Amino acid sequence: MATRQPDLVLISWSRNPLVAGSARRIIAARVIGNAVPCRPSLRPHGLLNTALACLLDNDVGFKVVFRKKTSSISGYILLQRN
603 MATRQPDLVL ISWSRNPLVA GSARRIIAAR VIGNAVPCRP SLRPHGLLNT ALACLLDNDV
663 GFKVVFRKKT SSISGYILLQ RN
């Protein structure tokens, strides 16, 4: 019997550098496996906080396994669900 592979979600985000304190917005998101029921929140220009709230919900089961700021206004986050 094959072992079930984990679901992965990689999100690239950035802020508007011209607006102090602007919200982090999704630039691109890639899903390996399945991101149900959060797939609609992973759209470009969507709010990162909305997507993370869905993915990190206890019923959905994703965990942040890596996050990195690439500059003061951008970064990426990798989430995994076993």
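Sequential numbering from 603 applies to the sequence shown in the working numbering. Ideal placement from N, C-alpha and C gives every residue a C-beta, glycine not left out. This one's a predicted model, so the numbers in the text were calculated from it and none came from an experiment.
Taking Cys-656 as the centre and dropping the five residues before and after it, the same chain places the C-beta of Pro-639, Cys-640, Ser-643, Val-662 closer than 8 Å to its C-beta, in chain order. For Val-621 and Ile-675, the gap between their C-alpha atoms comes out near 11 Å. Per DSSP, the unbroken alpha helix (DSSP H) holding Leu-654 starts and ends at 650-657.
Cα atoms of Met-603 and Leu-612: separation of roughly 28 Å, rounded to the nearest angstrom.
A distance below 7 Å between beta-carbons, with the five flanking residues on each side excluded, links Leu-658 to the following residues of its chain, in chain order: Phe-664. Note on Ile-628: 16 or more other CB atoms within 10 angstroms of its CB, so buried under the neighbour-count rule. Within the same chain, and ignoring the five residues on either side of Ser-614 in sequence, the residues whose Cβ sits closer than 6 Å to its Cβ are Ile-629, Ala-630, Tyr-678.
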